[in-house]
Amino acid sequence: MELIDLIAGSLKTVKESLDLDPKCDFSLAAQVVELKSRIAELQRLLDEAERNLKERDELIVQLRAAIPSTDEMLVEGAAWFVRKSGEIVDGPFCTRCFTRQRRTVRLIDAPQPDDASGKASEWVQCPTCGVPVRSRLAAQQTDGRGANAGSKRDPAPSEQKPALVGHRA
Numbered sequence: 001m002e003l004i005d006l007i008a009g010s011l012k013t014v015k016e017s018l019d020l021d022p023k024c025d026f027s028l029a030a031q032v033v034e035l036k037s038r039i040a041e042l043q044r045l046l047d048e049a050e051r052n053l054k055e056r057d058e059l060i061v062q063l064r065a066a067i068p069s070t071d072e073m074l075v076e077g078a079a080w081f082v083r084k085s086g087e088i089v090d091g092p093f094c095t096r097c098f099t100r101q102r103r104t105v106r107l108i109d110a111p112q113p114d115d116a117s118g119k120a121s122e123w124v125q126c127p128t129c130g131v132p133v134r135s136r137l138a139a140q141q142t143d144g145r146g147a148n149a150g151s152k153r154d155p156a157p158s159e160q161k162p163a164l165v166g167h168r169a
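In terms of UniProt numbering, the sequence shown opens at residue 1 and continues consecutively.
See below:
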């Protein structure tokens with residue numbers, strides 16, 4: 001009986017707080033309960049949206065940190081490279097795509113244009129904007145990946161080790 005008394009007391013409290021007429025059919029109370037339920041659902045959706053926004057903001061911060069600053073960039077022609085402690089650690093990337101869209105698009109090996117000079121191995125191209133680029137550094141960086149991966153090449157004169165004079169093996 002205590003449960004019935006508790007429910008009756010709760011209904012009486014609701015009735016008094018809503019100032020309902022004793023002959024009322026409690027339809028207003030049912031509407032209030034429905035509104036509270038909808039408010040709770042809206043609050044849940046708002047909390048979920050706030051969580052999603054926070055996750056998105058964190059992702060934006062991570063992505064911005066991943067884009068190299070201009071201090072870390074080495075630009076040669078229309079190609080740029082990521083440089084750390086004076087060493088090239090990544091690249092080549094398309095300067096045009098980076099400047100216009102802040103996108104890091106890796107350049108790929110390309111055939112030498114018919115009217116161009118230089119070694120054929122020095123030519124790379126952006127797969128996004130299609131711009132061909134002649135870059136000695138790009139050729140050095142792309143030699144170790146892509147279609148040329150694993151192939152041996154003679155080092156450039158600046159890369160050759162100096163012979164030790166008077167040294168016997």
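Quick reminder that beta carbons are idealized off the backbone N, C-alpha and C, glycines included.
Taking residue i and residue j to be in contact with their CB atoms under 8 Å, please state how far apart those CB atoms are, rounded to whole angstroms.
i, j, result
"A79", "G91", "7 Å"
"V133", "D109", "The Cβ separation is near 11 Å, so there is no contact."
"C94", "V105", "5 Å"
"R96", "V131", "6 Å"
"S135", "E76", "5 Å"
"I88", "L137", "7 Å"
Grab the span of the alpha helix (DSSP H) containing residue i for me, first residue to last.
i, result
"C97", "95-101"
I need the straight-line Cα distance from residue i to residue j, nearest angstrom please.
i, j, result
"V127", "L46", "In the sequence on display, residue 127 carries Pro and not Val. Rounded to the nearest angstrom, the two C-alpha atoms are 42 Å apart."
"R38", "F98", "48 Å"
"P111", "E122", "9 Å"
"E34", "Q62", "42 Å"
"D57", "L74", "29 Å"
"Q43", "E55", "18 Å"
"A40", "N52", "19 Å"
"Q101", "K84", "23 Å"
"Q31", "D5", "24 Å"
"S10", "S27", "16 Å"
"G86", "E50", "42 Å"
"L107", "A65", "22 Å"
The beta strand (DSSP E) with residue i in it runs from where to where?
i, result
"V82", "79-84"
"P132", "132-134"
"E76", "73-76"
"V124", "123-125"
In chain order, what residues of the same chain have a beta carbon less than 8 Å from the beta carbon of residue i, not counting five sequence neighbours either side?
i, result
"C129", "C94, R96, C97, V105"
"K12", "none"
Among residues of its own chain, excluding the 5 on either side of residue i, which ones have a beta-carbon nearer than 7 Å to its beta-carbon?
i, result
"E48", "none"
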